[in-house]
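Visitor:
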Amino acid sequence: MRYLISLLLLFTLSAQAAGPGQNAVASAHPLATQAGMAILDQGGNAFDAAIAVAAALAVVEPYSAGMGGGGFWLLHREQDGFQTFVDARETAPSAATANMYQDKDGKVMRDWAVNGPSAAGIPGQAAAFVHVAEKYGQLPLTTTLEPAIKLAENGFPVDEKYRKLASYREEVLNRFPESSGIFLHNGKVPASGHVIRQPDLAKVLKAIAEQGNAGFYHGDVAKQLVDGVQQTGGLWTLQDLASYKVVERTPIVSQFRGARLISAPPPSSGGIVMANALNILSQFNEGHTGDMTPHLAVEAMRRAYQDRARYLGDPDFVDMPVDKLLSMDYAKQRAASITLDKATPSASLGEPVGVEEGFHTTHLSVLDKDGNRVSATLSINLPFGSGFVPPGTGVLLNNEMDDFSAKPGSPNAYGLVGSEANAIAPGKRPLSSMTPTFVEFDDRVAILGTPGGSRIISMVLLGVLEAADNKPVQDWVSTVRYHHQYLPDEVQAEPEFVGSEAAKQLMLLGHKVVSTGRDYGNMQAILWRRDSNEVTAASDPRGLGEATVRPPEAGGIMAPELPETLSVD
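Position one of the sequence shown corresponds to residue 2 (the working numbering), numbered consecutively onward.
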């Protein structure tokens, strides 16, 4: 009998260790998803595939992410359950000062903080590729970066999303001939179908593939980057690049409705704010769910976002009361001020501070056949970042310096203000809302994340609520969205929500509900049902992404079949 029990236990453990037996990729662009699947078909694991997807997005989504930006990578290794968070957020250059974006009268020079090389932090994307490949991947970067290199060399066709976002930044791109020559056509937004080729970016990707960190942070590429920045008024030095390092951090872990949530730690505010809000929400029993959920969720968001602005920043520079913010005792204190029959004015809760960052970010989710998984959110901040490309590099630089508080109490590009915790300092990483997340239930695992600036956290929270209700993955990415971030004191919602019965109920309770004027977010999600080994994935219908699930290609390692658009003449 003991022998049979041992065999049964061994069989159960083996079944769990075997993983889902299928590969899945969900990303914001079909070409990036296809690149990731090609690497999985070559025998790569989820970490290799995530590099391939991120690199491809750096080429085909220059408005959202790229080699001149950074991001956060949440990793899970199935064989031993190891989980970690790779912080590849940009850092302030060594010459940065707390008042660098203020004029002699103390007024914030918004253009200096948003446009051109003066707005750029030191990029972390290349370092993330090298770090993840060396520590967790199975394939060399010469293989995982090959799809992106081909995309950069051969080009990709412009679509309507590209045209829309390029139109927002056309004036800034035209300030810099290198940028205009790559991303515009004769100084204008290119027509749909126009092919964007980036041979200089292909050379940089090849240098990273062949030389690792030295291919970007040292040598010829580094010199071109620094020369271009300094000649156009920026502050970078060769030492800034040479000293950049990714940091592995312990993810934020919390509980909600029997699930284990693994999410982003500071300098992302995402994991703490989401856990704080869900802890507050959990103080209300099941009798108050359903029709009351929007009201309670909004009130939980209001309080959690207030704490975000008051306390959070780069953990290497700021002491934060993390244990307090994650505790149930604190959640009970915060929930005590919520009433079921009316909205709480934000002004009644204290300090009028808030923070926000750019909306043009991207997300990817990957699950491999063995159960390894990645949730990664990447950004260059505003559409097309700073708009500046150092000549000869093809690297479009971020404008993440605007995510710092240029002057505590002064609004950033989105009209909101920040606190001392997020003030500029040399080598510091700006606060972010990027929230790559895993949700582990007894019988299933969710992988999700989205772009969307400060609304990222509320979007992922709403996705978690859908997952907790055991809804299909398509529902997580499709659910109508609403958001509250303490200030401004209003519920920001998609147009479809504004006319709904739920919105009317919120207004009857005293909430101000305003339309964002358009749908927002671009969630990419994967669901693995461990009990049945069924894998499903979904790409947000608001975007043009693609989610693919399929068994590994027969025959093991093989050359990837790249999309036809990779070989445009």
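For each residue, glycine too, the CB sits at the ideal point set by N, CA and C.
Computed from a predicted model, the values in this text were never measured in an experiment.
Which residue comes first and which comes last in the alpha helix (DSSP H) that contains W113?
Guide: Element bounds for W113: 111-115.
Visitor: For E172, which of K162, E161, F184 has the nearest alpha-carbon?
Guide: E172 has its Cα closest to that of F184, out of K162, E161, F184.
Visitor: Cα-Cα, which of T451, N175, L463 is closest to N187?
Guide: N187 has its Cα closest to that of N175, out of T451, N175, L463.
Visitor: Looking at the unbroken alpha helix (DSSP H) that takes in I339, where does it start and where does it end?
Guide: First-last for I339: undefined, no H or E at that position.
Visitor: By alpha-carbon positions, which one of G125, A422, P496, L41 ends up nearest to K246?
Guide: Of the candidates G125, A422, P496, L41, the one whose C-alpha sits nearest the C-alpha of K246 is G125.
Visitor: Where A494 and Q486 are concerned, what is the direct C-alpha to C-alpha distance, given to the nearest angstrom?
Guide: One C-alpha to the other measures close to 12 Å.
Visitor: Using beta-carbon positions only, say whether I281 and R304 come within less than 8 Å of one another.
Guide: Yes, Cβ-Cβ distance for I281 and R304 is below 8 Å.
Visitor: Over what stretch of residues does the beta strand (DSSP E) that includes T145 continue unbroken?
Guide: Looking at the DSSP string, T145 is not in any beta strand (DSSP E); the run it does join, the alpha helix (DSSP H), is 142-145.
Visitor: Under a three-way DSSP split, which group does S168 fall into?
Guide: Helix at S168.
Visitor: State the DSSP-derived secondary structure class of P553, mapped to helix, strand or coil.
Guide: Reduced to three states, the DSSP call for P553 is coil.
Visitor: Once you ignore the five residues that flank V481 on each side, which residues in its own chain have a CB closer than 6 Å to its CB?
Guide: Answer for V481: E495, E497, F498, listed in chain order.
Visitor: By DSSP, does V274 sit in helix, in strand, or in coil?
Guide: Reduced to three states, the DSSP call for V274 is helix.
Visitor: Among the residues of its own chain, which have a CB less than 6 Å from the CB of G314, if the five just before and after it don't count?
Guide: Result list for G314: A422, N423, L432, in chain order.
Visitor: Check whether the Cβ atoms of A29 and G546 lie closer than 8 Å to each other.
Guide: Yes, the pair counts as a contact, with Cβ atoms nearer than the cut-off.
Visitor: Would you tell me roughly how many angstroms separate the C-alpha atoms of P322 and P200, rounded to the nearest one?
Guide: So the alpha carbons of these two residues sit roughly 47 Å apart.
Visitor: Between D241, G511, S269, which has its C-alpha nearest D404's C-alpha?
Guide: Residue S269 is the option with its Cα nearest to D404.
Visitor: Between the Cα of I150 and those of G259, T537, T436, G395, spot the shortest distance and give me the residue it belongs to.
Guide: Of the candidates G259, T537, T436, G395, the one whose C-alpha sits nearest the C-alpha of I150 is G395.
Visitor: Taking DSSP's pairing of strands, which residues face R374 in a bridge?
Guide: Partner(s): H77, L368.
Visitor: Quickly, what does DSSP pair R250 with across the bridge? List them, please.
Guide: Per DSSP, F86.
Visitor: DSSP beta-bridge partners for P158?
Guide: According to DSSP, which records beta bridges pairwise, P158 is partnered with V196.
Visitor: For K105 and G70, what's the separation of their Cα atoms in angstroms?
Guide: Their backbone Cα atoms lie some 30 Å apart in a straight line.
Visitor: Is there contact here, the stretch 70-79 with the stretch 369-376, by at least three beta-carbon pairs under 8 Å?
Guide: Judged by Cβ distances under 8 Å, the stretch 70-79 makes contact with the stretch 369-376, as three or more pairs qualify.
Visitor: Is I40 closer than 8 Å to L140 when the C-beta atoms are compared?
Guide: Yes. Within cutoff.
Visitor: For A610, which three-state DSSP category applies?
Guide: Since the first residue shown for the chain is 2 and the last is 570, residue 610 is missing from the structure and cannot be characterised.
Visitor: May I ask you to report which of helix, strand or coil DSSP gives L202?
Guide: Reduced to three states, the DSSP call for L202 is helix.
Visitor: Does the count of Cβ pairs from the stretch 270-279 and the stretch 318-337 closer than 8 Å reach three?
Guide: Because the criterion of three Cβ pairs below 8 Å is met, the stretch 270-279 and the stretch 318-337 touch.
Visitor: Would you check if the distance between the CB atom of S387 and the CB atom of A121 is smaller than 8 Å?
Guide: Yes, the Cβ-Cβ distance between S387 and A121 is below 8 Å.
Visitor: What residues in its chain sit with their C-beta under 6 Å from that of V227, if we drop five residues either side in the sequence?
Guide: Around V227: W237, L239.
Visitor: Since Q307 is in the alpha helix (DSSP H), which residue starts that stretch and which ends it?
Guide: From DSSP, the alpha helix (DSSP H) with Q307 extends over 294-312.
Visitor: Nearest-angstrom Cα distance between N413 and G454?
Guide: Residue confidence for N413 is low, a pLDDT of 45 falling below 50, so the modelled location carries little weight; the figure read from the coordinates is stated next. So the alpha carbons of these two residues sit roughly 13 Å apart.
Visitor: Of the choices A344, A93, L206, whose alpha-carbon is the least far from that of L242?
Guide: Comparing Cα positions, the closest option is A93.
Visitor: Put I425 into one of helix, strand or coil per three-state DSSP.
Guide: I425 falls in the coil class under three-state DSSP.
Visitor: Alpha carbon to alpha carbon, how far is R445 from H132?
Guide: Distance between the alpha carbons of R445 and H132: 29 Å.
Visitor: Just how far apart, CA to CA, sit V492 and T517?
Guide: For V492 and T517, the distance between alpha carbons rounds to 10 Å.
Visitor: Tell me K189's beta-bridge partners as DSSP assigns them.
Guide: Answer is H186, bridged to K189.
Visitor: Rounded C-beta distance between L202 and A153? I'm assuming under 8 Å.
Guide: The pair is a contact, with the Cβ atoms about 5 Å apart (cut-off 8 Å).
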